[in-house]
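K.L.:
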Amino acid sequence: MKTSNSELLAGQIKEQLDGGLSTLDDDAKRKLKAARYEALEHASSLWPRLGLPALGTALASVLLVVIVIAQWPDTDITVDMAALQSGDIEMLSTLELEEIEELDFYLWLEEQNGAV
Amino acid sequence: MDKRRELDAFLAEHERRAYRMAHISTGCKDEALDVVQDAMIAFVQKYADKDEADWRPLFFRVLRSKIVDLHRRRKVRSAVMRFFTRDEEGKDIELEVTASPAGNPEQLLKAQSALVALEAALQALPVKQQQTVMLRAWEGLDTRDTAIAMGVSQGSVKTHYSRGMAKLKRVLGEYWP
Numbered sequence: 001m002k003t004s005n006s007e008l009l010a011g012q013i014k015e016q017l018d019g020g021l022s023t024l025d026d027d028a029k030r031k032l033k034a035a036r037y038e039a040l041e042h043a044s045s046l047w048p049r050l051g052l053p054a055l056g057t058a059l060a061s062v063l064l065v066v067i068v069i070a071q072w073p074d075t076d077i078t079v080d081m082a083a084l085q086s087g088d089i090e091m092l093s094t095l096e097l098e099e100i101e102e103l104d105f106y107l108w109l110e111e112q113n114g115a116v
Numbered sequence: 001m002d003k004r005r006e007l008d009a010f011l012a013e014h015e016r017r018a019y020r021m022a023h024i025s026t027g028c029k030d031e032a033l034d035v036v037q038d039a040m041i042a043f044v045q046k047y048a049d050k051d052e053a054d055w056r057p058l059f060f061r062v063l064r065s066k067i068v069d070l071h072r073r074r075k076v077r078s079a080v081m082r083f084f085t086r087d088e089e090g091k092d093i094e095l096e097v098t099a100s101p102a103g104n105p106e107q108l109l110k111a112q113s114a115l116v117a118l119e120a121a122l123q124a125l126p127v128k129q130q131q132t133v134m135l136r137a138w139e140g141l142d143t144r145d146t147a148i149a150m151g152v153s154q155g156s157v158k159t160h161y162s163r164g165m166a167k168l169k170r171v172l173g174e175y176w177p
C-alpha cells in the first residue's frame, strides 16, 4: 500500500517530537513529577468527600425552588410533589456545575455515541 | 487505591508530551508547567471516575481548555497594557516584546535542528490547527477522540488537520523533502 505524503509528514512529526521528549531537562521532569503528585493528592481527597456536600447542596436548592414556587402569592402554580421522583433528585445531585456549563458538549457527545 | 495507581501511571505516561504541547503552544516553560499542573488537577477532579479507555481524549480536552484559557488571559493582559501605554495623542507606544524561543520559522529553518524548525512551524499555526496536528499526528488520537479533546465536530477536526498539515508541508517541505 502506498503511503500518502500526509502520512509521511505525520510520521516525521511524531518521530521528531518523540525525540524531543528525551531532551527534557531535569528541572522540568522534577516539576512534572511534583505536579502529578499534587494532582493525585486532589484525587485522594476527592473520594471520601464525594457525595454528601453535592447531594446536600442539590437537595437544598430543589427544596428552595419548591418552597418559593409554592409560596408565590399571585400564582395558581401547584407543585405535584408526587411527580418529583427520587430519581430526579438523584440525577440533580450528580450534575456538576462544569457539566451544566458544558451542556452543549455533552449533548453533542451523546449524539456522537448514539451515531456509532 | 488501584484507581490512584492507574491515575498515576496514566499521568506519568502523558505528562511529558502534555508539557511539550503546552510549551509549543505557549512558548513559555513556566506557563507550560502551570498549565499541565492545572490540567492534571482538573482532570482527576472531573474525570477520574470515568472509564479508563476515555481518559486520553478527556485529559487532552482539559489540557486544551487550560491552554485556551491562558491565551485568553494573555489577550486581556495585552489589551490592558495597550490601554495604559497610550501616549497623549492616543497612539500606541511600542511595547518591548521578547521574541519567543521558537521565533520566526523561516529563520529557524536555516538553523540546523529539524525539531526546532518543526516547533517553530507548529507555533506559527493557528491554535486549533496546531492542537489538531499535535493530537492527531503526535498523540495518535483518531478523528473521534480528537473531536472530543477539541470540543468540536469530526468534520471540523478533518478541516483543521488538513489545513495545518498543508501549511507545515509548505514550511517544512524544503527542510524535509
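One line per chain: the protein sequences are E and S, in this order.
For the first sequence, the working numbering begins at 1 and goes up steadily by one.
For the second sequence, the working numbering begins at 1 and goes up steadily by one.
Idealized CB from N, CA, C, for every residue including glycine.
Between residue 164/S and residue 115/S, is the Cβ-Cβ spacing less than 8 Å?
P.N.:
For the purposes of this step, residue 164/S is taken as residue 164 along the second sequence, with counting starting at 1. For the purposes of this step, residue 115/S is taken as residue 115 along the second sequence, with counting starting at 1. No.
K.L.:
In terms of residue numbering, what span does the alpha helix (DSSP H) encompassing residue 16/S cover?
P.N.:
Counting from 1 along the second sequence, the entry for residue 16/S is found at position 16. Here the alpha helix (DSSP H) through residue 16/S covers 2-26.
K.L.:
When DSSP labels each residue in this structure, what does residue 72/E get in the three-state scheme?
P.N.:
Counting from one through the first sequence, the residue named residue 72/E turns up at place 72. The answer is coil: DSSP assigns residue 72/E none of H, G, I, E or B.
K.L.:
Go to residue 40/S, then tell me how far its alpha helix (DSSP H) extends in each direction, as first and last residue.
P.N.:
Within the second sequence, residue 40/S is the residue found at index 40, counting from 1. First-last of the alpha helix (DSSP H) with residue 40/S: 29-47.
K.L.:
Could you please tell me which residues of the stretch 14-35 of chain S, in chain order, have their CB closer than 8 Å to any CB of chain E?
P.N.:
Flagged, chain order: 15, 16, 17, 19, 20, 29 and 33.
K.L.:
How is residue 6/E classed by DSSP in three states: helix, strand or coil?
P.N.:
Here residue 6/E corresponds to residue number 6 of the first sequence, with the count starting at 1. Correct three-state label for residue 6/E: helix.
K.L.:
State yes or no: is the beta carbon of residue 69/S nearer than 8 Å to at least one beta carbon in chain E?
P.N.:
Mapped onto the second sequence, residue 69/S falls at position 69. Output row for residue 69/S: interface = no.
K.L.:
For residue 53/S, report the span of its alpha helix (DSSP H) as first-last.
P.N.:
As a working mapping, residue 53/S is identified with position 53 in the second sequence. Counting along the chain, residue 53/S falls outside any alpha helix (DSSP H), and DSSP gives it neither H nor E.
K.L.:
Does chain E have any CB closer than 8 Å to the CB of residue 165/S?
P.N.:
Position 165 of the second sequence, counting from 1, holds the residue named residue 165/S. It does: the Cβ of residue 165/S has a partner Cβ on chain E nearer than 8 Å.
K.L.:
When we look at the beta-carbon of residue 1/E and count the other beta-carbons within 10 Å, is it buried (16 or more) or exposed?
P.N.:
Position 1 of the first sequence holds residue 1/E. Bear in mind that a pLDDT of 48 at residue 1/E, under 50, signals an unreliable position, so the number given afterwards is only what the model happens to contain. So residue 1/E counts as exposed.
K.L.:
I want to see whether chain S comes within less than 8 Å of residue 107/E, judged by CB atoms only; does it?
P.N.:
Residue numbering aside, residue 107/E sits at position 107 when the first sequence is read from its first letter. Residue 107/E does not count as touching chain S.
K.L.:
Between the Cα of residue 161/S and the Cα atoms of 173/S, 136/S and 26/S, which residue gives the shortest distance?
P.N.:
By 1-based counting over the second sequence, the position of residue 161/S is 161. The shortest C-alpha separation from residue 161/S is found at 136/S.
K.L.:
Using the Cβ count rule (16 or more neighbours within 10 Å means buried), how would you classify residue 14/S?
P.N.:
Working through the second sequence from its first residue, we reach residue 14/S at position 14. Counting Cβ neighbours within 10 Å, residue 14/S comes out buried, since at least 16 surround it.
K.L.:
Would you identify the three-state DSSP class for residue 139/S, choosing helix, strand or coil?
P.N.:
Counted from its first residue, the second sequence places residue 139/S at position 139. In this structure, residue 139/S counts as coil in the three-state DSSP scheme.
K.L.:
Do you know offhand how far residue 63/S's Cα is from residue 72/E's?
P.N.:
Here the question's residue 63/S lines up with position 63 in the second sequence. Here the question's residue 72/E lines up with position 72 in the first sequence. Answer to the nearest angstrom: the Cα atoms are 45 Å apart.
K.L.:
When we look at the beta-carbon of residue 21/E and count the other beta-carbons within 10 Å, is it buried (16 or more) or exposed?
P.N.:
On the first sequence, position 21 is the one that residue 21/E refers to. Label assigned to residue 21/E: exposed.
K.L.:
Can you tell me the Cα-Cα spacing of residue 62/E and residue 106/E, whole angstroms?
P.N.:
Residue 62/E sits at position 62 when you count from the first residue of the first sequence. Residue 106/E sits at position 106 when you count from the first residue of the first sequence. C-alpha separation (whole angstroms): 23 Å.
K.L.:
Classify residue 132/S as helix, strand or coil using the three-state DSSP reduction.
P.N.:
Working through the second sequence from its first residue, we reach residue 132/S at position 132. Note: residue 132/S maps to helix in three-state DSSP.
K.L.:
Spell out whether any CB of chain E is found under 8 Å from the CB atom of residue 62/S.
P.N.:
What you label residue 62/S is simply residue 62 of the second sequence in a count that begins at 1. By this cut-off, residue 62/S is not an interface position.
K.L.:
Is the CB of residue 2/S under 8 Å away from at least one CB in chain E?
P.N.:
Within the second sequence, residue 2/S is the residue found at index 2, counting from 1. Chain E, which has no Cβ nearer than 8 Å to the Cβ of residue 2/S, makes this no.
K.L.:
What does the Cβ neighbour count give for residue 37/E, buried or exposed, with the cut at 16 atoms within 10 Å?
P.N.:
Taking the first residue of the first sequence as position 1, residue 37/E is located at position 37. The residue in question, residue 37/E, is exposed, as its Cβ has fewer than 16 Cβ neighbours within 10 Å.
K.L.:
Suppose you measure from the CA of residue 26/E to the CA of residue 64/E; what does that come to, to the nearest Å?
P.N.:
Here residue 26/E refers to the residue found at position 26 when the first sequence is read from its first residue. Here residue 64/E refers to the residue found at position 64 when the first sequence is read from its first residue. Distance between the alpha carbons of residue 26/E and residue 64/E: 54 Å.
K.L.:
Beta-carbon of residue 40/S versus every beta-carbon of chain B: anything under 8 Å?
P.N.:
Within the model displayed, chain B is absent; protein chains E and S are what it includes.
K.L.:
Would DSSP call residue 152/S helix, strand or coil?
P.N.:
On the second sequence, position 152 is the one that residue 152/S refers to. Residue state, collapsed to three classes: coil.
K.L.:
What is the rounded straight-line gap between the Cα of residue 17/S and the Cα of residue 139/S?
P.N.:
For this step, residue 17/S is matched to residue 17 along the second sequence. For this step, residue 139/S is matched to residue 139 along the second sequence. The straight-line gap from Cα to Cα measures roughly 8 Å.
K.L.:
With DSSP run on the structure shown, which of helix, strand or coil describes residue 23/E?
P.N.:
For the purposes of this step, residue 23/E is identified with residue 23 of the first sequence, where counting begins at 1. Coil, per DSSP.
K.L.:
Cβ atoms of residue 157/S and residue 132/S: under 8 Å apart, would you say?
P.N.:
On the second sequence, position 132 is the one that residue 132/S refers to. On the second sequence, position 157 is the one that residue 157/S refers to. Cβ atoms of residue 132/S and residue 157/S: closer than 8 Å.
K.L.:
Which value, in whole angstroms, describes the spacing of the CA atoms of residue 30/E and residue 142/S?
P.N.:
In the first sequence, counting from the first residue as 1, residue 30/E sits at position 30. In the second sequence, counting from the first residue as 1, residue 142/S sits at position 142. Approximately 31 Å, taken between the alpha carbons.
K.L.:
Does DSSP put residue 96/S in a helix, a strand or coil?
P.N.:
Locating residue 96/S in the second sequence gives position 96, where the first residue counts as 1. Residue confidence is low: residue 96/S scores 36 on pLDDT, short of 50, so the model does not pin down where it sits. No coordinate-derived value is stated.
K.L.:
Verify whether the separation of the beta carbon atoms of residue 19/S and residue 32/S is less than 8 Å.
P.N.:
For the purposes of this step, residue 19/S is taken as the residue at position 19 of the second sequence. For the purposes of this step, residue 32/S is taken as the residue at position 32 of the second sequence. Yes.
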